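Working notes for the structure below.
In the working numbering, the protein residues as written are 1080 to 1680.
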């Protein structure tokens, strides 16, 4: 069943034609991801689909009575009232379209699902909580079509994984824009690639799309090269003059005119960002040493007796839930905060460049070029002077955009500008606090390459699992009560190490342990208990998920919240216990399967 049909849709603004004669169908059950460079029109296409903007030409056909909900890319400035009020209201400015407001029992159910405090003022929420409240608002409407624009921004990894599972379980038709490649790979059943005003649908997952797209671009480049060669030959022929004007050659002259028209109409692909991080003189081998540092806020332990040594060339990722203290840890390591206990020692010759997730280093009222060059026409990059306009072109800022104030830039443009500002100064320590938000996939991959080539030290806070896997050499992970674990490798490496922990040996065991004897080791197999656990875990998980589903259904009933407070609290507590138990069961199941594969391999 076709839910949305776009026929010959065109849209432009400011003299720029963003989408041209675009055709696209969205079928019931699709989970489509819109891909394309920043500025290609992904968010605009979403607005056209839901009717927030009207096309300049063509038609968007929707079934009568279709329910749609859209999560905007930017968190709206005006989010007044309580969380319960926000989810209940039906004002279209923040993502509800058509239909009646959700029933109170439905609102309560999604509040429980997203673990949101119903009576908390929206102004008091963190960026991640506001994002989850907007998601809950969309879920509460049970839309036929759900449009999500960068839904993982500001969410921690746990919340992202929960959202993935919720969206898979809902089965709602989905159109999304995301820079999170792991999220995209797990969810998308089709890719719609927006490129030079056109939308091409690829019915495959993300990994397959990347391979097919590369092949298509190569074929296009080959055809363009052949076309340009033919055009060049015909231009040379026409310059011969007399022979070209003979009557019998008029057809060839008309064909050349047609070739010129085709070449003029051809839209070139947006260029790639060109990034190079300037490296200062090498720092000393020791960069940062933290010894038994602790820090608390309002009596709550944020960091408890944490020690680490960071050496030149390390690329360290920092992970943890929203509000755990990741930015606080960076501030302690950089000396911006003083620990309540312990001490931090810095090595010699540190030149630190800091990427702030809130983009506080950008002056909203100054232009793009003023932010990078402080009003100068040139900047020094890798030992040579460059005009600031040329430097900004490397980051895809056209001259007119370079003279625009920062306040009119999109989220992706602001992140590119902050990277341009950051890389314009020499450094040997790069500190990046959530650098991946709003960047397109191509720019993300280039940033990965820059960080891999960077000869200094990198400290990075990120919730982007693919980015962590591809860049970091070790991870610092916030666990419980201010304890921070240190692991080798990226996100997937942490999952494996966390899933199969090696219990520490007691001193007594070390003393009593017999001396090792040389012998031929037999190949280890899963123990009887491990085999039994591997067989029984799926059934246990199924039973817990059934109980969880029954609890969700009970909480969605109209009379649930009229019960005694104790019964409501007990149900919520049991739901929390089930979520924790399910997470542990899935981790153990995965760990046993990995162990079995390794032993059989």
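The beta-carbon is built from N, C-alpha and C at its ideal position, and this holds for glycine as well. None of these values were measured; they are calculated from a predicted model.
Identify whether residue 1257 lies in helix, strand or coil by the three-state DSSP scheme. coil
Within a Cβ cutoff of 6 Å, which residues of the same chain sit near residue 1114, ignoring the five residues on either side of it in sequence? 1270 and 1272
Closest residue to residue 1491 among 1458, 1105, 1118 and 1080 (Cα-Cα distance): 1118
Between the alpha carbons of residue 1383 and residue 1574, how many angstroms are there, rounded? 22 Å
Can you tell me which of the three DSSP states residue 1080 falls into? coil
Just to confirm, is the Cβ distance from residue 1657 to residue 1623 under 8 Å? yes
Can you give the Cα-Cα distance for residue 1092 and residue 1470, rounded to whole angstroms? 27 Å
Beta-carbon proximity check, residue 1082 vs residue 1090, cutoff 8 Å: no
On the DSSP letters alone, give me the boundaries of the beta strand (DSSP E) that residue 1226 sits inside. 1224–1228
Go ahead and pull the three-state DSSP assignment for residue 1288. helix
Please classify residue 1606: is it buried, with 16 or more other beta-carbons within 10 angstroms of its beta-carbon, or exposed? exposed
Can you confirm whether residue 1148, when its beta carbon is compared against all beta carbons of chain C, has any partner nearer than 8 Å? The chain labelled as chain C is not found in the depicted structure, where only one protein chain is given.
Can you name, in chain order, every residue of its own chain whose Cβ lies under 8 Å from the Cβ of residue 1585, other than the five neighbours on each side? Residue confidence for residue 1585 is low, a pLDDT of 43 falling below 50, so the modelled location carries little weight; the figure read from the coordinates is stated next. For residue 1585, where only same-chain residues beyond five positions count, there are no Cβ hits under 8 Å.
Going by Cα to Cα distance, which pick from 1276, 1240 and 1274 is closest to residue 1264? 1240
Delimiting residues of the beta strand (DSSP E) encompassing residue 1123: No beta strand (DSSP E) contains residue 1123, which is instead part of the alpha helix (DSSP H) from 1121–1129.
Thinking just about the alpha-carbon of each residue, which of 1209, 1417 and 1358 is nearest to the one in residue 1371? 1417
For residue 1494, count the other beta carbons within 10 Å of its own beta carbon; 16 or more makes it buried, fewer makes it exposed. Which is it? buried
Going by the CB atoms, is the gap between residue 1391 and residue 1366 shorter than 8 Å? yes
Whole-angstrom distance between residue 1410 and residue 1563, CA atom to CA atom: 15 Å
Since residue 1491 is in the alpha helix (DSSP H), which residue starts that stretch and which ends it? 1490–1502
If I follow the unbroken beta strand (DSSP E) through residue 1394, where does it start and stop? 1394–1398
Determine the DSSP secondary structure at residue 1111, reduced to helix, strand or coil. strand
Is it right to say residue 1672 is buried, meaning 16 or more other beta carbons lie within 10 angstroms of its own, or is it exposed? exposed
For residue 1370, the residue or residues it bridges with in DSSP: 1422
Element boundaries [alpha helix (DSSP H), containing residue 1212]: 1206–1219
Helix, strand or coil at residue 1479 [DSSP, three-state]: helix
Which residue or residues does DSSP assign as beta-bridge partners of residue 1464? 1459
What three-state label does DSSP hand residue 1665 in the structure shown? helix
Residue 1222 to residue 1182 span [Cα, whole Å]: 14 Å
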